[in-house]
Amino acid sequence: MSSLRMFLPPFAADYAGALAALYDYDGVLALDNAMCCSTNYLTCDEPRRAAGGAGRAAGACPETAGRPVVGPRAVFGTGIRSADVVFGAEDKVVEQLVFALRRFGGQLAAVVGTPIPAMLGTDGTGIASRVEAATGVPCLNVATTGYAAYDVGVVRALDALVGRLGEKPARRGATRVNVVGATPLDLGTRGITGLTGLLAAGGFEVGCALGMGGRLEDVPRVGEAACNLAVSAAGVAVARRLQERFGTPWVACACAGVSDTTYGLARLAAVIAGDDPGDGVCVPAAEQAAPRGCAGARVLVVHDQVVANGVRRDLLGLAPDLQVDVASFFALAPEVARPGDRALCDERGLAELLARTPYGAVVGDPLLASVPGVDPARLTPLPHLAVSGRLSWENDVRLHGGSDGAHRGVDEVVRRFAEALA
Amino acid sequence: MQSLAVAGALFNRQLNEGRGRSPEHVPGSHTLYVGPAACSRRHVLATSEAAGGSRGRASYLDVDDVDLALGRTEDLLVEAVAELNAALPERPRYWFVWLRCMHEIAGVDDAALLDRLHRTYSDQRFQITHMNPVSMEYDRIPAPRLQLARYAFVEEGQPRDRGVTLVGVPPRMLGAELRELLERLGLGPLRAIGACATPDDYQALGRSAAVISLGDMGAFAAQSFAARVGIPWVDLGPWYDPDLLAARLAELAALAGAFAAALPDFSAQAARAREALVRAAAALDGAPLVLDTRTPRAFHLADVLLSLGANITHVLCRQRAELARPRTAEVCARWPRLRTPLCCGLYAGLPVEGVDPGACAVGEGLARELGLARAVALNGEMPAGFAGLGALARLFERPVDVAAATVGKECRA
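If you read the sequences in order, they're chains U and H.
The numbering of the first sequence is my numbering, which starts it at 1 and goes up by one.
The numbering of the second sequence is my numbering, which starts it at 1001 and goes up by one.
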């Protein structure tokens, strides 16, 4: 039976991904649920709230601690009750959203689904339309169900956002780059400030951030980018759709560490210069041909695919003889996968992969240590917040900007790992 | 005064309340969370955080919407137990199975499921509990039922001894005063689920001379458990009226009469606690006070403070059920000017009107939500015994400033 989990917790659900993607916009977010989903999201999957608010992790995020945090005006649970199950809750949710918009203000609203509205067939589209009609504020229906993983929710939320607010571009910025698909669930608690700094330093104009770090006023201009930078596997899915809609080429890179950043900036430059089609086949010939010695140890990186790809580049940058494979419990985009990369259905899939493949080491979330076949002594922790959630809020790895206090930079992680292997 | 939205309230409260809870582990048991990831994540993470971690103690069965629609939940659950029985290092004696809202809505037949589990695994015992907040409006909130469920397998033990079974809080929260009292009464050992190391320790919970509880959730579980195993139950509060507390302690002393050399007299302690509360009420100097039901037995506290001359204007309720309790109705009848809006979980009472901007909140979280600058730093703690009442009075005498009052959206630029 594949649906029993003995070693890993349930992963962040799709509604958490949706809320995480929309969190930084100036809006009011309604999670249509009884109680547990709100609590799961707020206590396990939203470090920004804890960092800026009254939670225990006030010191977890030095970049934001003590400073204003951009986030939604309000996130609330609709509090579905038995009567709503019987009679329907659409009126109640509309009233709540209208009230919240009038009370808190905001330029965006969203109603995000969970298992119970999915089961009841709640008309989220109708709710969104009625809220818009009553307030004039754009309202998104994010049709998450709670049965899918967070990456699905990220895609649905950003699709809905771009679908509602994205406009046909009048022109393209010559060096304008959108950052697509960033959420703390993949990139950690540190935001994308480091990433946008890298882009700016690389000579790129940062356009619209779709996801973490986003500003609502940039979304209508999402089609003006010369290239989209997908920083997660969910971002890849969104970038594909942006390419379909606006013809924007894309590159998948989380800029996680020196080698990955070098790769990403070079790819962006090549796409913008017209030397790279940026058509989804995002592993260029140069990278395919990179040294991949079978003589070195075989390593498995388990994380979001795009982040894991970045770690792989960093590892290979330091130790080209390594054979590094990527595996993910979540979406695995074929365009950015290499031979040997695997989509894992669950913990059992990981255990089976490790049983049949002689990996010398694993890089991944600390909770993987309990999965059969993972030797804790040979596991390099690279927290994935979609897996370990709040357990890793205070010790996640900085993907951009080097080490800082308790938060190690990914370059340091990779360097120590490579040294240990050597 | 800005009104408080149910939305923001639900949000903020959950941030403070929902984290870090995991049921205390019953030795020899395994907990199986059933439902989508959407429902179980924080519970499994909380178990991972707890001492000993989740390995071997808790698992999670991902039953998706298709399984539910096709009625496969029961089959999957029975199979999961078989798989876990084979995989776990020790075959569990007891199983705690948590179902979710959708199972209730879909009509999963608990009785038939339980029967099937017992027939299939006759050497093991199962307890099915619904974690179904969707029913909170009409039923008791899930947490007390879950707490009660942890005692489901304790049997009436004979012979009884002098032990005391504590329900609701860990022993350390009982405080030194009450622990010393138990000693003076000749009662002991103090037993609690969290302190059980073996299944025998767990069964010993049913051999005690008395069950005592602290907190409403504990009271529900203690009352039901004590009735089932035939042990007298004493509700230790929190009682904010020193006389009521003295009466409960006298009940306990009477139960222990056979063991105690001399029954203690609590009147002096009660008098001192009352003096402290009177001083606290006077120190408030008529300033309006706002409570909410995060404060344990908030209506009882409001009743006591009002009777001492404090100016309690509001008790904000989270659930309709809190208003429906007889004790609440009594307090509201006694103090007709007391306002008791529903402000969380239900839409009915969205705005909290009439809260004085200069009011003091009981609880810093509530102050932040209401945008109030001062708070009594009682943040959900339960005062235990007369010493607890003294500490409580000191908190009321010295409200704290709440930095950067925020409502709903905190820390926005």
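Virtual Cβ for every residue (Gly too), placed ideally from N, Cα, C.
Exercise. Does the region 114 to 122 of chain U come within contact of the region 200 to 207 of chain U, defined as at least 3 CB pairs closer than 8 Å?
Worked result: no
Assigned secondary structure, U/N395 (DSSP; H/G/I helix, E/B strand, else coil):
The residue labelled residue 395 of chain U in the question sits at position 395 within the first sequence. U/N395: coil per DSSP, three-state reduction.
ask   = Is any beta-carbon of chain U found at less than 9 Å from that of H/L1427?
value = Absent from the structure is residue 1427 of chain H, since the part of chain H shown begins at 1001 and ends at 1413.
Practice task
Quick one: list the residues of chain H neighbouring U/L368, beta-carbon separation under 7 Å, in chain order.
Solution key: Sequence index remark: in the first sequence, residue 368 of chain U carries index 368 (1-based). Those within 7 Å of U/L368 in chain H number zero; the least Cβ separation is about 13 Å.
Does the beta carbon of U/S3 sit closer than 9 Å to a beta carbon anywhere in chain H? Stepping through the first sequence from its first residue, residue 3 of chain U is reached at position 3. Taking Cβ atoms only, chain H reaches closer than 9 Å to U/S3, which makes this a yes.
Ranges of the alpha helix (DSSP H) found wholly within the region 86 to 130 of chain U, counting only runs of at least 4:
90 to 104, 115 to 120
Requested in this report: Would you tell me roughly how many angstroms separate the C-alpha atoms of U/D321 and H/A1111, rounded to the nearest one?
Outcome: By 1-based counting over the first sequence, the position of residue 321 of chain U is 321. By 1-based counting over the second sequence, the position of residue 1111 of chain H is 111. Their backbone Cα atoms lie some 60 Å apart in a straight line.
| message | According to DSSP, is U/V410 part of a helix, a strand, or is it coil? | response | Counted from its first residue, the first sequence places residue 410 of chain U at position 410. Of the three classes helix, strand and coil, the one that applies to U/V410 here is helix, per DSSP.
For this session: Can you have a look at H/Q1158 and say buried or exposed, based on whether 16 or more other CB atoms are within 10 angstroms of its CB?
Result: Here the question's residue 1158 of chain H lines up with position 158 in the second sequence. The residue is exposed, with fewer than 16 neighbouring Cβ atoms inside 10 Å.
Would a C-beta distance cut-off of 9 Å place H/V1164 and H/V1211 closer than the cut-off? As a working mapping, residue 1164 of chain H is identified with position 164 in the second sequence. As a working mapping, residue 1211 of chain H is identified with position 211 in the second sequence. Yes.
- Message: Can you look up H/D1200 in the DSSP assignment and give me helix, strand or coil?
- Response: Counting from one through the second sequence, the residue named residue 1200 of chain H turns up at place 200. Of the three classes helix, strand and coil, the one that applies to H/D1200 here is helix, per DSSP.
Practice prompt. Report the three-state DSSP secondary structure of H/M1131 (helix, strand or coil).
Written response: The sequence position of residue 1131 of chain H within the second sequence is 131, counting from 1. Residue state, collapsed to three classes: strand.
>> For a contact defined as C-beta to C-beta under 7 Å, what are the partners of U/G146 on chain H?
In response: Numbered from 1 along the first sequence, position 146 holds the residue referred to as residue 146 of chain U. By Cβ distance, chain H contributes P1036, A1038.
Margin query: Taking 9 Å as the threshold (beta carbon to beta carbon), is H/P1336 in contact with chain U?
Written below: Along the second sequence, read from residue 1 onward, the residue named residue 1336 of chain H stands at position 336. No - not a single Cβ of chain U is within 9 Å of the one on H/P1336.
Contact under 9 Å by Cβ, U/L165 with U/L22: Within the first sequence, the letter at position 165 stands for residue 165 of chain U. Within the first sequence, the letter at position 22 stands for residue 22 of chain U. Against a cut-off of 9 Å, the Cβ pair of U/L22 and U/L165 comes out as no contact.
- Item | Segments of 4+ residues assigned as alpha helix (DSSP H) that fall wholly inside the region 1044 to 1109 of chain H | 1065 to 1069, 1073 to 1087, 1101 to 1106
### Query
the region 88 to 119 of chain U: which residues have C-beta closer than 8 Å to a C-beta of chain H, in chain order?
K92, E95, Q96, F99, A100, R103, F104, T114, P115, I116, A118, M119
* Tell me where the alpha helix (DSSP H) around U/C208 begins and ends. => Here the question's residue 208 of chain U lines up with position 208 in the first sequence. Looking at the DSSP string, U/C208 is not in any alpha helix (DSSP H); the run it does join, the beta strand (DSSP E), is 205 to 211.
Distance between U/E46 and U/H384 (C-alpha atoms, nearest Å): Here the question's residue 384 of chain U lines up with position 384 in the first sequence. Here the question's residue 46 of chain U lines up with position 46 in the first sequence. Taking the straight line from one Cα to the other gives about 13 Å.
* To do: Check each candidate in U/N33, U/A34, U/G79, U/A16 and name the one with the smallest Cα separation from U/R48.
  => The residue you call residue 48 of chain U lines up with position 48 of the first sequence. Out of U/N33, U/A34, U/G79, U/A16, U/A16 has the C-alpha closest to the C-alpha of U/R48.
Answer yes or no: does any C-beta atom of chain U fall closer than 9 Å to that of H/L1350? Here residue 1350 of chain H refers to the residue found at position 350 of the second sequence. Reliability fails at H/L1350, whose pLDDT of 40 lies under 50, so the model's placement of it is uncertain and the value that follows must be treated cautiously. Yes - at least one Cβ of chain U is within 9 Å of the one on H/L1350.
| query | Can you find a CB in chain H that lies within less than 9 Å of the CB of U/A13? | reply | Position 13 of the first sequence, counted from the first residue, corresponds to residue 13 of chain U. Yes, because at least one Cβ of chain H sits closer than 9 Å to the Cβ of U/A13.
_DSSP beta-bridge partners of U/F76_ = Walking along the first sequence from the start, residue 76 of chain U turns up at place 76. Answer is U/A30, bridged to U/F76.
ask   = In three-state DSSP terms, what is H/S1208?
value = Indexing the second sequence from 1 puts residue 1208 of chain H at position 208. Three-state DSSP puts H/S1208 in coil, outside helix and strand.
Would you mind working out which of U/D396, U/L185, U/P277, U/G181 sits nearest U/L239, comparing C-alpha positions? Your numbering for residue 239 of chain U matches position 239 in the first sequence. For the sequence presented, residue 239 of chain U should be read as Ala rather than Leu. U/A239 has its Cα closest to that of U/G181, out of U/D396, U/L185, U/P277, U/G181.
Just tell me which of U/G153, U/V371, U/D32 has its CA closest to the CA of U/G235.
To locate residue 235 of chain U, count along the first sequence from 1; it is residue 235. Measuring from the Cα of U/G235, the nearest candidate turns out to be U/G153.
Which of helix, strand or coil DSSP assigns to H/V1376 = One-based indexing of the second sequence puts residue 1376 of chain H at position 376. Three-state DSSP puts H/V1376 in a strand.
By DSSP, does U/L265 sit in helix, in strand, or in coil?
Counting from 1 along the first sequence, the entry for residue 265 of chain U is found at position 265. Of the three classes helix, strand and coil, the one that applies to U/L265 here is helix, per DSSP.
Q) So, helix, strand or coil for H/Q1319, using DSSP? A) Working through the second sequence from its first residue, we reach residue 1319 of chain H at position 319. Note: H/Q1319 maps to coil in three-state DSSP.
key: Test: U/T212 CB closer than 9 Å to a CB of chain H   = As a position in the first sequence, residue 212 of chain U is number 212, starting the count at 1. It is worth fixing the name first, because residue 212 of chain U is Met in this sequence and not Thr. No, U/M212 lies away from the interface with chain H (no Cβ there is under 9 Å from its Cβ).
If I measure Cβ to Cβ from U/G360 and keep anything under 8 Å in the same chain, skipping five residues before and after, which residues do I get? The sequence position of residue 360 of chain U within the first sequence is 360, counting from 1. Hits under 8 Å: A297, R298, V299, R378, L421.
Would you decide whether U/D314 is buried or exposed? Buried here means 16 or more other CB atoms lie within 10 Å of its CB. In the first sequence, residue 314 of chain U corresponds to position 314, counting from 1. Classification of U/D314: buried, given that the 10 Å Cβ count is 16 or more.
Open item on the list: Whole angstroms are fine: how far does the CA of U/R267 sit from the CA of U/D260?
Closed with: Here residue 260 of chain U refers to the residue found at position 260 of the first sequence. Here residue 267 of chain U refers to the residue found at position 267 of the first sequence. C-alpha separation (whole angstroms): 10 Å.
Open item on the list: Residues in the same chain with beta-carbon distance under 7 Å from U/N141, minus the five sequence neighbours each way, listed in chain order, please.
Closed with: Position 141 of the first sequence, counting from 1, holds the residue named residue 141 of chain U. Excluding residues within five positions, the ones whose Cβ falls inside 7 Å are V111, G124, T125, I127, A128, A160.
Practice task
Would you mind telling me which residues of chain H sit closer than 7 Å to U/A34, beta carbon to beta carbon, in chain order?
Solution key: The residue given as residue 34 of chain U occupies position 34 in the first sequence. The answer, in chain order, is C1101, P1133, V1134.
query = Which chain U residues are close to H/D1064, counting only those with a beta carbon under 7 Å from its beta carbon?
reply = Within the second sequence, residue 1064 of chain H is the residue found at index 64, counting from 1. Y147, listed in chain order.
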